[in-house]
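In my numbering, the protein residues as written are 101 to 217.
Backbone N, C-alpha and C fix where the C-beta goes; we use that ideal spot for every residue, glycine too.
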Amino acid sequence: MMKKELEKWRQFLTEKERIVQDMYEATFLLALEQSKEIDRTEVMGFIRAIENVTTVYREREVSTSRKTFVGEYTIRFVLPHGADVKYYFDTVLKPSLRRIKGLAIQRDMGYEKIGDE
């Protein structure tokens with residue numbers, strides 16, 4: 101009995117971690133309207149609310165005018181391990197960004213998987 105328990109414990113300790121999710125970063129040039137009705141912070145909140153998005157941050161300011169702010173943004177998202185990232189990117193992420201009032205995708209610079217050893 102004890103030998104069986106020790107063997108189970110040994111297997112548990114030597115078992116490799118199973119990968120349950122994959123993390124990606126997508127980079128976009130996003131144009132945000134600078135009007136009184138639209139707040140940049142709210143727009144970032146709407147982006148974070150998109151399914152599977154974990155983090156949004158601005159890399160750099162590209163240009164600004166009285167009407168529009170353009171910046172390079174990185175959006176991190178996670179998917180179940182082995183999920184079709186292209187399908188998610190094309191049918192969930194980009195369409196969700198286009199539906200946010202006051203936001204426009206000026207340039208899609210693609211995505212990459214991160215965190216792989």
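Helix, strand or coil for Lys213 per DSSP?
-> Position 113 of the sequence shown, counting from 1, holds the residue named residue 213. In this structure, Lys213 counts as strand in the three-state DSSP scheme.
Identify, in the order they occur along the chain, each residue of the same chain with its Cβ nearer than 8 Å to the Cβ of Lys194, setting aside the five sequence neighbours on each side.
-> Walking along the sequence shown from the start, residue 194 turns up at place 94. Listed in chain order, the non-local C-beta contacts of Lys194 below 8 Å within the same chain comprise Ile205 and Asp208, local neighbours out to five positions each way being set aside.
Compute the Euclidean distance between the alpha carbons of Ile214 and Met101, then round it to the nearest angstrom.
-> Sequence index remark: in the sequence shown, residue 214 carries index 114 (1-based). Sequence index remark: in the sequence shown, residue 101 carries index 1 (1-based). Each residue's Cα considered, the two are about 44 Å apart.
Can you give the Cα-Cα distance for Lys108 and Val120, rounded to whole angstroms?
-> The residue you call residue 108 lines up with position 8 of the sequence shown. The residue you call residue 120 lines up with position 20 of the sequence shown. Taking the straight line joining both Cα atoms gives about 22 Å.
Which ranges would you report for the beta strand (DSSP E) in the segment 147-216 if only whole runs of at least 3 residues count?
-> Counting only runs of 3+ residues, the beta strand (DSSP E) found wholly inside the segment 147-216 occupies 153-164, 168-180 and 203-214, in chain order.
With a cut-off of 8 Å on the beta carbons, I'd call Ala131 and Phe189 a contact; round off their distance for me.
-> As a working note, residue 131 is residue 31 in the sequence shown. As a working note, residue 189 is residue 89 in the sequence shown. 19 Å between Cβ atoms; not a contact.
Output the boundary residues of the beta strand (DSSP E) element that contains Glu137.
-> Residue 137 sits at position 37 when you count from the first residue of the sequence shown. Careful: Glu137 lies outside any beta strand (DSSP E) and carries neither H nor E.
Out of Thr164, Arg110 and Arg176, which has the shortest C-alpha to C-alpha gap to Val49?
-> Outside the shown range of the chain (101 to 217) lies residue 49, about which nothing can therefore be said.
Ile240 and Leu197 closer than 9 Å at C-beta = Beyond the ends of the chain as shown, which are 101 and 217, falls residue 240; an answer cannot be given.
Between Arg148 and the rest of its own chain, which residues show a CB-CB distance below 6 Å, the 5 nearest in sequence each way excluded?
-> The count along the sequence shown starts at 1 and reaches residue 148 at position 48. Excluding positions up to five away in sequence, the list reads Val156.
What three-state label does DSSP hand Met123 in the structure shown?
-> The residue you call residue 123 lines up with position 23 of the sequence shown. If DSSP states are grouped into helix, strand and coil, Met123 belongs with the strands.
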